[in-house]
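Notes follow once the structure below has been shown.
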Amino acid sequence: DAGVTQSPTHLIKTRGQHVTLRCSPISGHKSVSWYQQVLGQGPQFIFQYYEKEERGRGNFPDRFSARQFPNYSSELNVNALLLGDSALYLCASSLEGWIYEQYFGPGTRLTVT
Amino acid sequence: DQQVKQNSPSLSVQEGRISILNCDYTNSMFDYFLWYKKYPAEGPTFLISISSIKDKNEDGRFTVFLNKSAKHLSLHIVPSQPGDSAVYFCAALPRGQFYFGTGTSLTVIP
Numbered sequence: 038d039a040g041v042t043q044s045p046t047h048l049i050k051t052r053g054q055h056v057t058l059r060c061s062p063i064s065g066h067k068s069v070s071w072y073q074q075v076l077g078q079g080p081q082f083i084f085q086y087y088e089k090e091e092r093g094r095g096n097f098p099d100r101f102s103a104r105q106f107p108n109y110s111s112e113l114n115v116n117a118l119l120l121g122d123s124a125l126y127l128c129a130s131s132l133e134g135w136i137y138e139q140y141f142g143p144g145t146r147l148t149v150t
Numbered sequence: 012d013q014q015v016k017q018n019s020p021s022l023s024v025q026e027g028r029i030s031i032l033n034c035d036y037t038n039s040m041f042d043y044f045l046w047y048k049k050y051p052a053e054g055p056t057f058l059i060s061i062s063s064i065k066d067k068n069e070d071g072r073f074t075v076f077l078n079k080s081a082k083h084l085s086l087h088i089v090p091s092q093p094g095d096s097a098v099y100f101c102a103a104l105p106r107g108q109f110y111f112g113t114g115t116s117l118t119v120i121p
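Rendered as structure tokens:
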């Protein structure tokens with residue numbers, strides 16, 4: 038069975054641009070969460086979506102937004118990119134809304150120059 | 012404010028010996044704790060978890076201990092193997108949102 042997949046693997050953008058990151062959960066999983074991992078830090082929670090609705094939001098500015106589609110895949114959008122947005126963006130899926138066990142994808146490495 | 016802390020950025024252990032990774036948290040409302048292991052270029056993978064109603068959970072070579080009064084948990088790996096070399100994150104789950112520590116890089120020396 039395929040695990041959580043994310044695209045693209047790597048991405049380079051310039052300040053002020055917009056970026057869209059994509060995530061496909063494990064088949065049958067209805068919840069997707071997004072995390073930002075800056076070098077040397079642990080993953081920081083950005084959003085959780087369950088059944089296409091936002092279930093939780095971390096302490097990130099409104100430049101960050103996300104959505105979940107009917108097939109449970111998800112997009113993370115970041116507007117007006119800053120240098121500090123350079124990070125590994127991780128997507129995780131779980132079967133239901135309570136994310137006691139979640140499975141992570143390999144991440145998208147975003148570099149903002 | 013870092014609510015989950017791993018104060019040791021790195022740890023080196025000889026193969027066959029015990030590895031002990033530590034984690035402290037600040038919020039007494041945290042009721043579920045997990046350890047994740049991360050290899051380079053891969054996402055974190057779930058290792059073991061413990062509910063706040065327990066003080067120990069064991070799975071093969073891995074045991075997690077929880078001391079609620081001290082707000083401290085630890086992961087013991089016995090015996091350590093070279094394949095255990097990775098970054099280990101502890102995480103706390105109060106209510107639908109994971110709080111991760113900063114990670115400890117474990118190196119098991121053959």
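These protein sequence lines map, in sequence, to chains A and B. So the first sequence is residues 38 to 150, counted in the working numbering. So the second sequence is residues 12 to 121, counted in the working numbering. Every residue gets a Cβ at the ideal spot worked out from N, C-alpha and C, and that includes glycine.
Spatially closest choice to PRO121(B) from TYR110(B), LYS48(B), GLN25(B), by CA coordinates: What you label residue 121(B) is simply residue 110 of the second sequence in a count that begins at 1. With distances taken between Cα atoms, PRO121(B) lies closest to GLN25(B).
Beta carbon proximity, PHE141(A) to chain B, threshold 8 Å: Here residue 141(A) is taken as the residue at index 104 of the first sequence, counted from 1. At least one chain B Cβ lies under 8 Å of PHE141(A).
Three-way DSSP call (helix, strand, coil) for LEU1(A) in this model: Chain A is shown from 38 up to 150; residue 1(A) falls before or after that span and cannot be answered.
Sequence-distant residues of the same chain with beta carbon closer than 7 Å to GLU91(A), five excluded per side: Walking along the first sequence from the start, residue 91(A) turns up at place 54. Cβ within range, chain order: PHE84.
Nearest neighbour of GLN13(B), chosen from ASN116(A), LEU147(A), ASN96(A) [CA to CA]: The sequence position of residue 13(B) within the second sequence is 2, counting from 1. Considering only alpha carbons, the answer is ASN96(A).
Whole-angstrom distance between ASP99(A) and CYS101(B), CA atom to CA atom: On the second sequence, residue 101(B) is found 90 positions in, with the first residue counted as 1. On the first sequence, residue 99(A) is found 62 positions in, with the first residue counted as 1. Cα to Cα, CYS101(B) sits roughly 28 Å from ASP99(A).
Contacts of GLY114(B) in chain A (Cβ-Cβ under 7 Å): Within the second sequence, residue 114(B) is the residue found at index 103, counting from 1. Ordered by position in chain A, the residues that pass the 7 Å Cβ test against GLY114(B) are GLY79.
Coarse secondary structure for LEU120(A), derived from DSSP in three states: Position 83 of the first sequence holds residue 120(A). Three-state result, LEU120(A): helix.
Min CB distance LEU86(A) to chain B below 8 Å: The residue labelled residue 86(A) in the question sits at position 49 within the first sequence. With the sequence shown as reference, residue 86(A) is identified as Tyr, and Leu is not the correct amino acid for it. Output row for TYR86(A): interface = no.
Under 8 Å between C-beta atoms of ARG59(A) and GLN43(A): Locating residue 59(A) in the first sequence gives position 22, counting from the first residue. Locating residue 43(A) in the first sequence gives position 6, counting from the first residue. Closer than 8 Å, so yes.
Beta strand (DSSP E) segment containing ILE49(A), residue limits: The residue given as residue 49(A) occupies position 12 in the first sequence. Segment 47 to 50, the beta strand (DSSP E) holding ILE49(A).
Backbone CA spacing between LEU117(B) and GLN17(B) [nearest angstrom]: Start at 1 with the first residue of the second sequence, and residue 117(B) comes out as number 106. Start at 1 with the first residue of the second sequence, and residue 17(B) comes out as number 6. Each residue's alpha carbon lies about 12 Å from the other.
Residues bridged to GLN81(A) (per DSSP): For the purposes of this step, residue 81(A) is taken as residue 44 along the first sequence, with counting starting at 1. Looking at the DSSP assignment, GLN81(A) forms a beta bridge with GLN73(A).
Whole-angstrom C-beta distance between GLN139(A) and SER70(A), which should lie under 8 Å: Within the first sequence, numbered from 1, the residue matching residue 70(A) stands at position 33. Within the first sequence, numbered from 1, the residue matching residue 139(A) stands at position 102. Right, their Cβ atoms sit about 6 Å apart.
Cβ pair count under 8 Å reaching 3, the stretch 69 to 88 of chain B against the stretch 112 to 120 of chain A: no
Minimum Cβ-Cβ distance from GLY54(B) to chain A less than 8 Å: Your numbering for residue 54(B) matches position 43 in the second sequence. Chain A, which has a Cβ nearer than 8 Å to the Cβ of GLY54(B), makes this yes.
Interfacial residues, the stretch 96 to 111 of chain A to chain B, with Cβ spacing under 7 Å: none
Validate contact between the stretch 31 to 38 of chain B and the stretch 76 to 95 of chain B using beta carbons, cut 8 Å, 3 pairs: yes
Which residues DSSP lists as bridging LEU127(A), in chain order: Numbered from 1 along the first sequence, position 90 holds the residue referred to as residue 127(A). TYR72(A), per the DSSP bridge assignment.
Neighbour list for GLY144(A) in chain B, Cβ cutoff strictly below 9 Å: Here residue 144(A) corresponds to residue number 107 of the first sequence, with the count starting at 1. In chain order: ALA52, GLU53, GLY54.
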